[in-house]
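Those protein sequence lines, which keep their order, are chains A and B. Under the working numbering, think of the first position of the first sequence as 1, with each following residue one higher. Under the working numbering, think of the first position of the second sequence as 502, with each following residue one higher. Even glycine gets a Cβ: it sits at the ideal position worked out from N, Cα and C. All values derive from a computational prediction rather than experimental measurement.
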Amino acid sequence: MPVLNHFWHLMSPEWVLVIFGTLFLVLSAVPGGKNLRVGIGVLAVAGMAVALALVFQTLTALGPGMKVPVLIGLNGDVGLVVDPFSQILKVIFLVGGVITLLMSFKSLEVEKAWTGEYFTFITFAIFGMMVMASGNDLLTLWVGLETMALSVYVLAAYLRRKEHSVEGATKYFLLGAFSSGFYLYGASLIYGATGSVHLDAIRASLLQSVEQGGVKSIGFPMGAGLVIMAVALLFKAALVPFHWWTPDAYEGAITPVTAFMSVAPKAAAFAMAMRIFVVGLLPVSHLWVGLLAIVAILSMAWGNIAAMLQDNVKRMLAYSSIAHAGYALIGLVATGATGTDQGVRAVVFYLLAYAFMNLGAFGLVIYLQRDGSAGDSFEDFDGLVRRRPWMAALMIVFLLSLGGIPPTAGFMGKLLIFYAAVTAKLYLLAVVLAVTSVIGMYYYFRLILHMFLKEAETPAEVQAGRPLAFALSLCGLFVLAIGLYGQPFVDWVSRAALVVR
Amino acid sequence: MLSYLPIGIFVAIALAIVPLTMGLGWLLRPKRYDPVKLEPYECGIEVHDTLRGKVSVHFYLVAVVFLVFDVETIFLLPWAVAFDRLKLFGFVEVVVFLALLVAAYVYVWMKGALRWEE
């Protein structure tokens with residue numbers, strides 16, 4: 001009875017992160033000055049770069065459609081799998097992590113909040129996300145989810161002397177703990193209905209019931225479990241109506257953590273949701289397609305409308321992130337409606353494009369951060385075009401991308417989502433996507449207007465510093481590259497496949 | 502429907518038990534009132550201080566550290582039970598697990614969470 005087969009080296013990126021994270025934990029207890037903490041940060045960037053290289057290496061080693069089990073239990077159940085889908089998402093998490101770390105240096109310097117634990121928690125959070133992308137049974141996925149969530153709760157409360165930070169993190173923690181309970185309750189009902197927590201076995205059991213008794217034979221526990229579990233996943237991805245924690249937690253957290261929270265845990269929640277719904281629950285897609293479609297419409301509508309009403313850039317971007325999660329969810333609905341991988345690929349591509357543009361937009365907030373101000377009011381952007389033309393140009397690229405205007409990554413992402421929706425004959429969703437994108441343009445352009453038309457009365461002196469400038473350039477480069485010449489990225493993402501035939 | 506009858510009887514008995522015992526107690530017990538009855542404890546050492554005193558946050562820290570290590574070491578039990586079947590893999594896993602625990606312990610120690618003075 002093998003427990004760990006000979007493909008275990010495919011887990012090497014995870015091992016690297018665990019080893020580095022533990023090392024940072026011990027190092028952060030060593031008494032020492034700021035230099036030691038900065039050193040831990042540099043080491044964290046290096047560790048993630050190593051993990052990123054290893055993920056790329058395993059990705060090239062995997063053939064198309066290959067799914068390698070790496071952790072097998074005594075009864076033969078597969079706990080973790082490595083396939084192109086999981087590896088592409090791990091690339092998104094790690095790239096998000098590296099860019100976050102590069103942007104953190106300035107924020108930690110301004111807030112005078114250097115600790116080693118900061119880097120430890122980011123490393124462990126990304127480890128949890130990688131388990132969420134690879135997990136193949138409901139419990140392994142849950143362990144990954146909790147590893148990520150507990151780390152992010154702490155990061156959200158990182159500025160523990162600030163009321164805002166603690167308030168947002170407390171809301172996030174309490175609601176997150178509830179949603180974890182919801183997930184487990186839903187998982188237990190699904191276990192009761194199908195006799196397994198293992199996604200392939202759940203799928204087989206559901207297929208058998210549908211074949212024998214038709215769709216009507218799927219009982220109430222299965223449907224209830226599915227809905228309850230969906231609540232937890234939609235909560236983590238911050239979708240309406242489970243989004244109430246988002247603006248407060250995003251506004252209170254230190255800005256690089258906000259950027260991180262809006263990109264990586266959201267992508268991880270989508271990875272987990274796609275894995276569960278497409279691998280395990282596709283035979284009962286009639287139960288969840290309508291549900292997720294409603295959530296997507298609510299998120300797109302309310303996210304964009306609420307973002308218009310905000311007077312704080314971080315809150316505005318928080319609501320915009322809710323709207324973007326709504327756009328991405330359309331892809332999952334499309335896969336549920338058609339049973340093809342096209343929707344999944346559109347989601348993965350959207351998450352990739354969204355990571356660069358959203359990290360970049362938050363990066364500009366970090367750029368404007370200075371002693372005594374987070375740089376997150378609209379007035380902070382006044383006259384930026386004349387003060388710092390290059391930075392303003394980058395911000396305009398990110399905002400146009402978030403708005404979905406060509407030639408940017410955001411446009412390509414929305415195009416693929418739109419195409420998936422039309423192919424799946426989800427015309428209502430496609431129309432809502434187009435209409436709400438136009439509404440969304442309003443508040444992105446509001447910020448651009450501040451940069452062009454207003455004049456700052458007392459322009460604040462702000463410095464970027466090399467890591468932040470590098471991270472911003474990287475984001476801008478990729479946003480434009482994906483927008484101008486997206487084919488290689490589309491081809492790369494099209495290796496992701498989840499639908500089992 | 503009839504198969505649910507035992508559950509119905511069970512629920513009825515469960516609902517009846519509380520008023521029944523309280524009512525019986527009210528009927529049967531002697532009723533003698535005394536100021537001592539209002540004390541938190543009727544016997545034992547007499548209360549000499551308010552309940553809302555301040556407790557050092559250090560107790561909380563120690564309790565959390567104890568709880569974490571106490572719960573984590575319970576994971577060793579299933580491993581011990583399945584030791585013969587997990588073979589070398591299980592052993593290596595447990596060593597990794599213990600190494601992580603030791604790292605956490607070193608962290609707690611160096612951060613001074615176990616120091617009582619100050």
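When the cut-off is 8 Å and only beta carbons count, does Thr170 of chain A lie next to chain B? By this cut-off, Thr170 of chain A is not an interface position.
What residue does the alpha helix (DSSP H) around Ile439 of chain A start on, and which one ends it? Annotation for Ile439 of chain A: the continuous alpha helix (DSSP H) segment containing it runs 427-452.
Against chain B, with Cβ distances strictly below 8 Å, would Thr140 of chain A count as a contact? So no, Thr140 of chain A is outside the interface.
Close Cβ partners of Phe105 of chain A (< 8 Å) along its chain, the five nearest in sequence each way excluded: If we look at Phe105 of chain A and ignore the five residues flanking it on each side, its Cβ neighbours are Val38, Gly41, Gly465, Pro467, Leu468.
Please report the straight-line C-alpha distance between Ala334 of chain A and Met272 of chain A, rounded to a whole angstrom. Pairing Ala334 of chain A with Met272 of chain A, the inter-Cα distance amounts to about 17 Å.
Mind pulling the chain B residues with CB within less than 7 Å of Thr22 of chain A? Within 7 Å Cβ-Cβ: Leu601, Ala604.
Fully enclosed by the segment 90-173 of chain A, which beta strand (DSSP E) runs are 3 residues long or longer? DSSP runs (the beta strand (DSSP E)) wholly in the segment 90-173 of chain A: none.
Status (buried if at least 16 other CB within 10 Å, exposed otherwise) for Gln369 of chain A: By the 10 Å Cβ count, Gln369 of chain A comes out buried.
With 8 Å set as the bound, which would you pick, yes or no: does the beta-carbon of Val607 of chain B sit closer than that to a beta-carbon of chain A? By this cut-off, Val607 of chain B is an interface position.
Return no unless some Cβ of chain B is closer than 8 Å to the Cβ of Met1 of chain A. For Met1 of chain A, the pLDDT reaches just 41, beneath the cut-off of 50, and the residue's location in the model is therefore unreliable, although a value from the coordinates is still provided. Met1 of chain A counts as touching chain B.
is_contact[Val143 of chain A, chain B] using C-beta, thresh 8 Å: No, Val143 of chain A lies away from the interface with chain B (no Cβ there is under 8 Å from its Cβ).
CA-CA distance, Phe24 of chain A and Glu117 of chain A? Between Phe24 of chain A and Glu117 of chain A, the C-alpha separation is close to 7 Å.
Any idea which residues DSSP pairs Val82 of chain A with across the strands? According to DSSP, which records beta bridges pairwise, Val82 of chain A is partnered with A:Val68.
Check the DSSP bridge columns for Ser262 of chain A and list the partner residues they point to. Answer is none; Ser262 of chain A lacks a bridge partner.
Can you tell me the Cα-Cα spacing of Arg586 of chain B and Leu599 of chain B, whole angstroms? Rounded to whole angstroms, Arg586 of chain B to Leu599 of chain B spans 20 Å at the Cα level.
Cβ shell of Tyr319 of chain A (< 7 Å), same chain only, five flanking positions each side left out: Here the set comprises Pro247, Gly303, Ala306, Ala307, Gln310.
Beta-carbon proximity check, Met229 of chain A vs Gly186 of chain A, cutoff 8 Å: Yes; because the gap between Cβ atoms is below 8 Å, this pair is in contact.
Leu52 of chain A vs Val82 of chain A beta-carbon contact at 8 Å: No, the pair does not count as a contact, with Cβ atoms beyond the cut-off.
DSSP has Asn312 of chain A in a bridge; who is on the other side? Its beta-bridge partners are A:Ser377.
Check whether the Cβ atoms of Phe356 of chain A and Phe478 of chain A lie closer than 8 Å to each other. Cβ distance < 8 Å, so Phe356 of chain A and Phe478 of chain A count as in contact.
Arg530 of chain B by DSSP, collapsed to three states: which one? Here Arg530 of chain B carries a coil assignment [DSSP, helix/strand/coil].
Validate contact between the segment 117-133 of chain A and the segment 170-182 of chain A using beta carbons, cut 8 Å, 3 pairs: No: fewer than three Cβ pairs fall under 8 Å.
How would you list, in chain order, the residues of chain B whose beta-carbon sits under 8 Å from the beta-carbon of Leu25 of chain A? What Leu25 of chain A touches in chain B: Ala604, Ala605, Tyr608.
What residues match up with Arg370 of chain A in a beta bridge as DSSP calls it? DSSP lists A:Ser373 as partners of Arg370 of chain A.
Specify whether the segment 190-197 of chain A and the segment 215-230 of chain A touch according to this definition: at least 3 beta carbon pairs, one from each stretch, less than 8 Å apart. Flag = yes, the segment 190-197 of chain A and the segment 215-230 of chain A touch.
Is Ile126 of chain A closer than 8 Å to Phe93 of chain A when the C-beta atoms are compared? Pairing Phe93 of chain A with Ile126 of chain A gives a Cβ-Cβ distance under 8 Å.
So, does the CB of Val16 of chain A fall closer than 8 Å to a CB anywhere in chain B? False, the Cβ-Cβ gap to chain B never drops below 8 Å.
Cβ shell of Val506 of chain A (< 7 Å), same chain only, five flanking positions each side left out: In this structure chain A extends from 1 to 501, so residue 506 of chain A is not present and cannot be described.
Around the Cβ of Pro283 of chain A, are there at least 16 other Cβ atoms within 10 angstroms (buried) or fewer (exposed)? Under this definition Pro283 of chain A is a buried residue.
Who are the near neighbours of His243 of chain A in its chain, counting only those whose CB is closer than 7 Å to its CB and skipping five residues on each side? Taken in chain order, the residues that qualify are Ile322.
Whole-angstrom distance between Val603 of chain B and Leu291 of chain A, CA atom to CA atom: Leu291 of chain A and Val603 of chain B: Cα-Cα distance of roughly 46 Å.
Do the segment 255-262 of chain A and the segment 360-380 of chain A meet, that is, are 3 or more Cβ pairs less than 8 Å apart? Because the criterion of three Cβ pairs below 8 Å is met, the segment 255-262 of chain A and the segment 360-380 of chain A touch.
Relative to the alpha-carbon of Phe470 of chain A, which residue among A:Val30, A:Met103, A:Gln57 has its alpha-carbon at the smallest distance? Here the closest residue by C-alpha is A:Met103.
Can the beta-carbon of Leu155 of chain A be found closer than 8 Å to that of Glu111 of chain A? Leu155 of chain A places its beta carbon 8 Å or farther from that of Glu111 of chain A.
Using 8 Å as the threshold, is the segment 159-171 of chain A in touch with the segment 64-73 of chain A, meaning 3 or more CB pairs across them? Short answer: they don't touch.
Can you pull the chain A residues whose beta carbon is under 8 Å from the beta carbon of Lys612 of chain B, in chain order? Going along chain A in sequence order, the residues near Lys612 of chain B (Cβ under 8 Å) are Ala29.
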